[in-house]
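Sequential numbering from 0 applies to the sequence shown in numbering that gives the first Met the number 0.
All residues carry an ideal CB built from backbone N, CA and C; glycine is no exception.
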Amino acid sequence: MGKIPCCSVCQMNYDDGARAPMLLQCGHGFCRDCLSQMFAAAAEDSLSCPRCRHPSRVGNSVDALRKNFAVLSLVHQSEFDCSDDDDEEEEEEQEERRPGREFRGSRNACGRGGHATSSSGSIDLGSHSLKMVRQLADGRRAGMDLWAGVLTGPGGCRHRVAVKRVRIMQETDIVWVQGRLEALRRASMWCRNVCTFHGAMRIEDRLCLVMDRYEGSVQSAMQNNEGRLTLEQIL
Numbered sequence: 000m001g002k003i004p005c006c007s008v009c010q011m012n013y014d015d016g017a018r019a020p021m022l023l024q025c026g027h028g029f030c031r032d033c034l035s036q037m038f039a040a041a042a043e044d045s046l047s048c049p050r051c052r053h054p055s056r057v058g059n060s061v062d063a064l065r066k067n068f069a070v071l072s073l074v075h076q077s078e079f080d081c082s083d084d085d086d087e088e089e090e091e092e093q094e095e096r097r098p099g100r101e102f103r104g105s106r107n108a109c110g111r112g113g114h115a116t117s118s119s120g121s122i123d124l125g126s127h128s129l130k131m132v133r134q135l136a137d138g139r140r141a142g143m144d145l146w147a148g149v150l151t152g153p154g155g156c157r158h159r160v161a162v163k164r165v166r167i168m169q170e171t172d173i174v175w176v177q178g179r180l181e182a183l184r185r186a187s188m189w190c191r192n193v194c195t196f197h198g199a200m201r202i203e204d205r206l207c208l209v210m211d212r213y214e215g216s217v218q219s220a221m222q223n224n225e226g227r228l229t230l231e232q233i234l
């Protein structure tokens, strides 16, 4: 989990509310709460930057200032990581405390790392079992949803993954679909800067597309940043 940035005046972590990161016209940023207090004590409709003393015209409220969307995206991601880690670690601890449950050998036995989530290589789904941990989102189409899952392999290795589940319709040629997905997996093995697609598993009436965990879609990033993307997100 990444460290949440904090305001250099009050040393409190930024959030998306009272301590939202705001930018002065000089380019320096501070939290909304600190700027509001400074503006309330100011004699004019401008603020002097606590760092460089450059004046910034504010108007009636500090809400007229621009948000620092680059910092705000880090705040959102830190909250997302923290929530995911807490939920999944609790789930894993409960799983390991089950009577008769014993992990033998190293968690790195399959060479991907105990909790690998980066694109460092594909996982052999044939030697791993998949368990759904919690639902992340509903799909745009009926019969589709997205889950956080854990792959468990020989020797007790565990990998946190994202699983897109698709309901198998009666008329679906599942053999053809799985063949096309395997071709996609092989073709994407050499792609960089994308989450690794590990393949598909059939579980009952669902086809489960297994991939590395990812931070979110372009659409979700834009929704969190009021319709904008930072340069870092674009790159």
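Exercise for the section: Give every residue of the same chain whose Cβ lies closer than 6 Å to the Cβ of Tyr65, excluding the five residues on either side of it in the sequence, and list them in chain order. Expected result: Your numbering for residue 65 matches position 66 in the sequence shown. Before going on, a small fix: residue 65 reads as Arg here, not Tyr. Around Arg65: Leu22.
Handout entry: Coarse secondary structure for Pro153, derived from DSSP in three states
Key = Working through the sequence shown from its first residue, we reach residue 153 at position 154. Pro153 falls in the helix class under three-state DSSP.
Problem - Cutoff 6 Å; reference Arg56; Cβ partners in own chain excluding five residues on either side - result: Against the sequence shown, residue 56 aligns to sequence position 57. Ser45.
Problem - Among His127, Asp144 and Met143, the one whose alpha carbon lies nearest that of Pro153 - result: What you label residue 153 is simply residue 154 of the sequence shown in a count that begins at 1. The shortest C-alpha separation from Pro153 is found at His127.
Exercise for the section: Give the secondary structure of Arg140 by DSSP, where H, G and I count as helix, E and B as strand, and everything else as coil. Expected result: Start at 1 with the first residue of the sequence shown, and residue 140 comes out as number 141. Secondary structure at Arg140: coil, using DSSP grouped into helix, strand and coil.
Problem - Check whether Gly198 and Arg212 have beta carbons under 8 Å apart - result: The residue you call residue 198 lines up with position 199 of the sequence shown. The residue you call residue 212 lines up with position 213 of the sequence shown. Contact check for Gly198 against Arg212 fails: the beta carbons are separated by 8 Å or more.
Exercise for the section: Specify, as a first and last residue, the run of the beta strand (DSSP E) that Val209 falls within. Expected result: In the sequence shown, the residue the question calls residue 209 occupies position 210. Arg205 to Asp211 is the extent of the beta strand (DSSP E) around Val209.
Handout entry: First through last residue of the alpha helix (DSSP H) which encompasses Met21
Key = For this step, residue 21 is matched to residue 22 along the sequence shown. That residue, Met21, is in no alpha helix (DSSP H); its beta strand (DSSP E) goes Pro20 to Leu22.
Problem - Spatial distance of Gln24 from His53 (CA atoms) - result: Start at 1 with the first residue of the sequence shown, and residue 24 comes out as number 25. Start at 1 with the first residue of the sequence shown, and residue 53 comes out as number 54. For Gln24 and His53, the distance between alpha carbons rounds to 8 Å.
Handout entry: Inter-residue CB distance, Leu124 and Met200 (contact presumed, cutoff 8 Å)
Key = Indexing the sequence shown from 1 puts residue 124 at position 125. Indexing the sequence shown from 1 puts residue 200 at position 201. Yes, they are in contact, since the Cβ atoms of Leu124 and Met200 sit about 6 Å apart, within 8 Å.
Exercise for the section: Please state whether DSSP places Asn30 in a helix, a strand or coil. Expected result: Residue mapping note: residue 30 aligns to position 31 of the sequence shown, counting from 1. Here the sequence assigns Cys to residue 30, which means Asn is not the residue at that position. Three-state result, Cys30: strand.
Handout entry: One or two residues paired with Met160 in a DSSP bridge
Key = Taking the first residue of the sequence shown as position 1, residue 160 is located at position 161. What sits at residue 160 in the sequence shown is Val, not Met. Beta-bridge partners of Val160 (DSSP): Gly148 and Asp211.
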